[in-house]
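Q: In full-length UniProt numbering, the protein residues as written are 1 to 185.
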Amino acid sequence: MSNESKVPALVLDNPTPTLFVDFDGTLHRGHGLLDASGKVSLDTGNATFEFVPLLERLLKPYPRVEIVLTTSWLDTLTFEQAVSYLPPSLAKRVVGTTQGIKPRFGYLQDGSARTYIIRSYVFARRLKNWLAIDDSVFGAYHLNTDVLRLEPHLVLLDPLQGIGSPEAQRRIEDWLAEVHSQDGG
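1) Check whether the segment 86 to 100 and the segment 29 to 36 are in contact - that is, three or more C-beta pairs closer than 8 Å.
2) With DSSP as the reference, identify every bridge partner of S41, one or two as the case may be.
3) Taking Cβ to Cβ, would you say G30 is nearer than 7 Å to L42?
4) Does DSSP classify M1 as helix, strand or coil?
5) Can you list, in chain order, the residues of its chain whose CB lies under 7 Å from that of F51, leaving out five sequence neighbours each side?
6) So which of P159, D75, K60, P152 has the shortest CA-CA distance to N129?
7) Among P87, L143, D134, T145, whose alpha-carbon lies nearest the alpha-carbon of L154?
8) Give the straight-line distance between the Cα atoms of Y121 and L127, rounded to the nearest whole angstrom.
9) First and last residue of the beta strand (DSSP E) that includes V83?
10) Quick check: what's the CA-CA separation for L148 versus I101?
11) Is it true that the CB of D22 sits closer than 7 Å to the CB of T70?
12) Could you check how far apart the C-beta atoms of L58 and E173 are, in whole angstroms? I think they sit under 8 Å.
13) Nearest CA to the CA of V137: which residue from F123, N144, A124, I118?
14) In three-state DSSP terms, what is V52?
15) Please list, in chain order, all residues of the same chain as H180 whose beta carbon is under 7 Å from its beta carbon, the five residues on each side excluded.
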């Protein structure tokens with residue numbers, strides 16, 4: 001008999017439905033620019049957070065869904081400032097961010113940093129029911145593990161459509177319905 005210590009197997013057993021949400025290319029078309037006075041505008045000239053009412057509508061029937069922010073706005077703004085851009089109905093769902101998770105250099109180089117960061121958050125909290133809506137979730141194929149296939153959990157958005165895309169809305173609706181049915185109705 002060996003005295004070798006065994007690393008416990010990772011089990012994704014936290015059933016909390018969790019939606020990872022980016023801002024740029026997700027809740028609006030374009031990327032945010034912050035001026036010296038703190039005013040945000042988009043490089044496309046579009047309205048900021050134009051798809052927030054859509055996300056509110058999609059989530060309204062599902063009060064248990066929590067939100068984790070993945071936005072790069074957190075590189076400049078505090079958590080409180082970033083959350084303040086959301087309406088109360090969404091802000092109250094925000095339970096955290098991926099801000100403190102640092103990707104490996106190779107993931108920065110190949111563009112899969114955001115995917116790695118989200119996966120790290122999922123593993124740390126053992127999330128079972130999650131979906132990421134983001135225009136930067138690349139490289140899932142090489143970040144898959146025996147425990148987790150990432151592709152079904154990632155909605156790679158066209159930054160010029162965000163969640164305004166019918167396909168993106170369908171993926172979100174399907175995930176919400178699936179999680180709700182697993183939750184017992």
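For glycine and all other residues, C-beta sits at the position ideal for the given N, C-alpha and C.
A: A quick look at the data gives this:
1) At 8 Å Cβ cutoff, the stretches do not touch.
2) L33.
3) Against a cut-off of 7 Å, the Cβ pair of L42 and G30 comes out as a contact.
4) At M1, the pLDDT of 49 sits below 50, so the modelled position is not reliable; the number obtained from the coordinates is stated separately. In the structure shown, the three-state DSSP call for M1 is coil.
5) Cβ neighbours of F51 beyond the five flanking positions: L27, H28, G162, I163, G164.
6) Comparing Cα positions, the closest option is P152.
7) With distances taken between Cα atoms, L154 lies closest to D134.
8) Computed Cα separation, rounded: 8 Å.
9) Premise fails: V83 lies in the alpha helix (DSSP H), 79 to 84, not in any beta strand (DSSP E).
10) Taking the straight line joining both Cα atoms gives about 19 Å.
11) Yes, these two residues count as a Cβ contact at 7 Å.
12) Confirmed, Cβ separation roughly 7 Å.
13) Of F123, N144, A124, I118, the residue nearest in Cα terms is I118.
14) Reduced to three states, the DSSP call for V52 is helix.
15) Answer for H180: Y62, listed in chain order.
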